[in-house]
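What follows is one structure encoded as structure tokens, with my remarks underneath.
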Amino acid sequence: MHIKDSEIKRSFWCFISYRHADNQQPGRQWATWLHHALETYEVPADLVGSPNLRGELIPERIYPVFRDEEELPADADLSRPIISALNSSRCLLVICSPRACESRFVADEIARFKAMGKSDRVIAAIVAGEPNASTDPAKIKQNMVECFPKPLRYEVEEDLRISDLQAEPVAADFRIEETGEEGWVNPQAYRTHMQSLGLPAA
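Per this note's numbering, the very first residue in the sequence shown carries number 51; after that it's consecutive.
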């Protein structure tokens, strides 16, 4: 989604925070896939109109979802439209990977969203790496690589300072169950990958 002035005033059900490197490899374009999956998800009819745990009425669709398609220069700061979209979004979905941990933009988006008092509306989507691998002694010993950006792992103050209080984000795991490795957005993408290696696709 290229940001336009008209979009600054919109409300979004979800803001997808991601590193653009996690949306480039064929078959692993996680942000594009999740964006489409959320906006086309059919909410069960018996849930529509009923209150969720926050007392909000469940909608017919999770629409619109905000995803910035433009990669910012390394020396840039979050733009006014991005900050406005964060403020206007009900939830933040963070695509988590070692690549995302290296992005100061992802970290800034998480910190700003939490500082707005919406820490309980942050969801982690794990696509690669290991949660809390930088703080768990057992995972450090195994040389696992962190996938949760620091503002996701800790609470954030209103002034954007990261506190020492650890957070417990809700997470969905999209890694391969048997190995913990990065998976694929659909079976066809996996088969294409296997064929490119000259291997049979199960």
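Cβ coordinates follow ideal geometry from the N, Cα and C atoms, glycine included. This one's a predicted model, so the numbers in the text were calculated from it and none came from an experiment.
Quick check on DSSP: helix, strand or coil for residue i?
i: I133; result: helix
i: P94; result: coil
i: Q238; result: helix
i: E231; result: coil
i: I53; result: Low confidence applies here, because I53 scores a pLDDT of 48, under 50, leaving its location unreliable; read the following figure in that light. Coil at I53, not helix or strand.
i: S169; result: helix
i: P148; result: helix
i: A71; result: helix
i: A157; result: helix
i: H243; result: helix
i: W63; result: strand
i: L178; result: The amino acid occupying residue 178 in the given sequence is Ala; Leu does not appear at that position. A178: coil per DSSP, three-state reduction.
i: R140; result: strand
Can the beta-carbon of residue i be found less than 8 Å from the beta-carbon of residue j?
i: F65; j: F116; result: yes
i: L97; j: I108; result: yes
i: L142; j: R104; result: no
i: L88; j: A175; result: no
i: C197; j: S153; result: no
i: G230; j: F224; result: no
i: E208; j: A165; result: yes
i: A161; j: V220; result: no
Using the Cβ count rule (16 or more neighbours within 10 Å means buried), how would you classify residue i?
i: L210; result: exposed
i: Y68; result: buried
i: E180; result: buried
i: A135; result: buried
i: N193; result: exposed
i: S61; result: exposed
i: A183; result: buried
Give the C-beta separation of residue i and residue j to the nearest angstrom, bearing in mind that I take them to be a contact with Cβ-Cβ under 8 Å.
i: E92; j: L128; result: Not confirmed; about 33 Å, so no contact.
i: Q79; j: V177; result: Actually they are not in contact, since the Cβ atoms of Q79 and V177 sit about 11 Å apart, beyond 8 Å.
i: A95; j: R149; result: So it is not a contact: roughly 38 Å between Cβ atoms.
Please report whether the beta-carbon of residue i lies at a distance below 8 Å from any beta-carbon of chain C.
i: H243; result: Among the chains of the structure shown, chain C does not appear; only one protein chain is present.
Query - Contiguous alpha helix (DSSP H) assignments of at least 4 residues, all confined to the region 181-225 - result: 187-191, 200-203
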